[in-house]
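In the working numbering, the protein residues as written are -13 to 802.
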């Protein structure tokens, strides 16, 4: 290590070697003399702070393995001077350190001695049994074999730490892996797999070289991570969360069939797709689709929320956002999309009940929609004077709706094409939208309806394949271009002012053969949309007037004519005259008391202030919330009365439905068929329900044991409510007899026992076994009277009677 700063002179045959030193002054060398200058190199290799005794160190063809102290040493001749020439090798040399399949490179200028310390730390475990922490002081770290982070263990990669993975080598996480402000990567490595129950968390880290895959029930969180040349995949029930950061430089940057949550991330430089999601659950907000990707995002049959995307720098030839077979479970809003150099910025296929809202799209073509039932709400498009704003190919049965959208600066604002079968379908509805283009609408076989908004350009319709029609509502001065059998109907909206409950009928006479005469009926219309003009390839036809009639409950009907003039205010004002109700007067009965079941006559008259015909009557008994129908004519009678306090109401209805009523109070007492519930009939006490004055049972029928006062108790009286009869032997409803001069509807039975023999010819009218008298009956009676038994019995009776009489006379004489 000796250095010479002054002039140096070497005599003949003198050899000087400066090992680790230098001769910086003038050197003079005589014959066969020489100067050699050497530098010392010492390389120490450490593995996680410990000597690495099997590392190889090489420089300029020299190679040496480290010793047990992790050191390899050598001398390097960088300058020689002899009597013939001076040779200097002082350029920078590369020192190669190889350890654990990993190379490290160091620079060395050999004019100076150098002692190098190289840290190449390796992970020894293949399956963790304890948690591992990779400290930056021992960085870089190298993984030369597959590593499994077991459940319950943690692999922690500290800040400023570098971890490299060998080719085809990967990490499987069943436990937890944490990395912050680190560098992780390795060309063509197997990357990181987050297995079931595993958790990966990276923050402010650079990652590259191998895929990150999150499988069933695994979770991964990447915050402000820069991912390069490493596809990200989440599948099944896995969860991948990406906050901020960048994803770039791979074929498909993100593939999702599980749950993907992403916010504020830039995705760029993806050869095929920035994002491809199928049957995924998505929450993707405020991301930027940058340059260098062929396609943006392809979303298939997924659910969740897409919001706040931008694609200002997108320059691919594919679609920025391709939505396929999505429905109402996917919300898409607040998007700012720009067309690249090829396809439309937004493409939608096979959607059902899908809605996209509050977004802007720039460039042409803007939007392509195929066979989708959807609604675009407040989606504004801006072009550059060429191409199509929205293109729709085919519409399903549910139709397509464009609502409150502005489409500006395109050659054609809305272009629609479909097969001939779709000419009779639901088509497309355009609501309150502004279509500013030379051609506002161009349609082939797709019906459409335009309501409100603005149409600046021509409407083109192609009906060469099949007849079809479209509607335009509330637009004036329309320019049309029609070929074939297509028809454009023009309608306008009229406001309606009418009383509540008005039914309005209207007829518009025929002005178009296909449309024919139009007949309508509305209940309480606030406005009317009326077709009154038709455009075809032959020109325009229209209707000038419509006939209407209006009816409403409580009003008189009215008819009129509406001028179908679209200039000025379009208002149909209907002023109906109130229909005064009929005035009802009850003639009979007046306020009264009757017994239940007693016949009551009723009669009323009605006059109508408008002179209308009375078309309906009805009478009811009312008591509280209970009503009982009595009759449906102006007069009649009823005995269908029940005990209680009632109002008898008569209602008259005129031909226009107005109702007039009148009432009278009726008191209905308990039923008393014989009207014997009078002052002399006590209702309490020991003689209750016995009229001592009139010597009879009395009271309401429920208490009176003889309801018709015929001296036959009700329990033996087959006609308990009619005093003119009481018995009916054959139970045929006709009494055996009717009391003479007694007023009744009953008719006496001429055959009391029902044996078919009239009572006048019946030997025993009350015995069905005995019938009419005959000669054989006479002989039988004489034989019976002359029989010994009858004669003997008669003789004994006479004898006993004579004896009793004589004895009685004898007793009387004794008493005298």
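Virtual Cβ for every residue (Gly too), placed ideally from N, Cα, C.
Between the beta-carbon of residue i and the beta-carbon of residue j, is there less than 8 Å?
i, j, result
"residue 266", "residue 246", "yes"
"residue 364", "residue 391", "yes"
"residue 468", "residue 422", "no"
"residue 369", "residue 389", "no"
"residue 38", "residue 85", "yes"
"residue 188", "residue 209", "yes"
"residue 409", "residue 433", "yes"
"residue 201", "residue 183", "no"
"residue 329", "residue 310", "no"
"residue 654", "residue 632", "yes"
"residue 196", "residue 151", "yes"
"residue 384", "residue 418", "no"
"residue 592", "residue 644", "no"
"residue 257", "residue 237", "yes"
"residue 393", "residue 376", "yes"
"residue 516", "residue 477", "yes"
"residue 687", "residue 640", "no"
"residue 321", "residue 348", "no"
Drop a sphere of 10 angstroms on the beta-carbon of residue i, count the other beta-carbons inside from all chains shown, and report buried for 16 or more, exposed for fewer.
i, result
"residue 324", "buried"
"residue 505", "exposed"
"residue 564", "exposed"
"residue -8", "exposed"
"residue 259", "buried"
"residue 524", "exposed"
"residue 492", "buried"
"residue 23", "buried"
"residue 503", "exposed"
"residue 158", "buried"
"residue 727", "exposed"
"residue -13", "exposed"
"residue 707", "exposed"
"residue 16", "exposed"
"residue 626", "exposed"
"residue -5", "exposed"
"residue 415", "buried"
"residue 0", "exposed"
"residue 765", "Low confidence applies here, because residue 765 scores a pLDDT of 49, under 50, leaving its location unreliable; read the following figure in that light. Residue 765 should be labelled exposed."
"residue 3", "exposed"
"residue 578", "exposed"
"residue 119", "exposed"
Locate the beta strand (DSSP E) running through residue i, then write down its first and last residues.
i, result
"residue 482", "466 to 483"
"residue 128", "127 to 129"
"residue 728", "Here residue 728 belongs to no beta strand (DSSP E), and DSSP marks it neither H nor E."
"residue 380", "Premise fails: residue 380 is in no beta strand (DSSP E) and is neither H nor E."
"residue 453", "444 to 459"
"residue 188", "185 to 189"
"residue 631", "630 to 640"
"residue 256", "252 to 264"
"residue 488", "Residue 488 -> no beta strand (DSSP E), and no H or E assigned at all."
"residue 239", "232 to 242"
"residue 821", "With the chain covering -13 to 802 only, the question about residue 821 has no answer from this structure."
"residue 699", "No beta strand (DSSP E) contains residue 699, which DSSP labels as neither H nor E."
"residue 269", "267 to 271"
"residue 194", "192 to 194"
"residue 42", "42 to 45"
"residue 362", "360 to 368"
"residue 57", "57 to 68"
"residue 106", "Unbroken run through residue 106: none, as it is neither H nor E."
"residue 212", "212 to 214"
Just confirm the distance between the C-beta atoms of residue i and residue j, as a whole number of angstroms; I'd bet it's less than 8 Å.
i, j, result
"residue 646", "residue 568", "4 Å"
"residue 294", "residue 326", "Not confirmed; about 20 Å, so no contact."
"residue 283", "residue 307", "5 Å"
"residue 67", "residue 21", "4 Å"
"residue 198", "residue 168", "With 8 Å as the limit, residue 198 and residue 168 do not qualify as a contact, their Cβ atoms being about 14 Å apart."
"residue 735", "residue 714", "7 Å"
"residue 253", "residue 239", "5 Å"
"residue 741", "residue 754", "4 Å"
"residue 527", "residue 498", "6 Å"
How about residue i: is its Cβ closer than 7 Å to a heavy atom in the ligand FAD?
i, result
"residue 179", "The ligand FAD is absent from the structure shown, which contains no ligands of any kind."
Quick one: which unbroken beta strand (DSSP E) runs of 3-plus residues sit fully inside the stretch 147 to 184? Chain order, please. The qualifying runs are 148 to 151, 156 to 159, 162 to 166, 169 to 171, 177 to 180.
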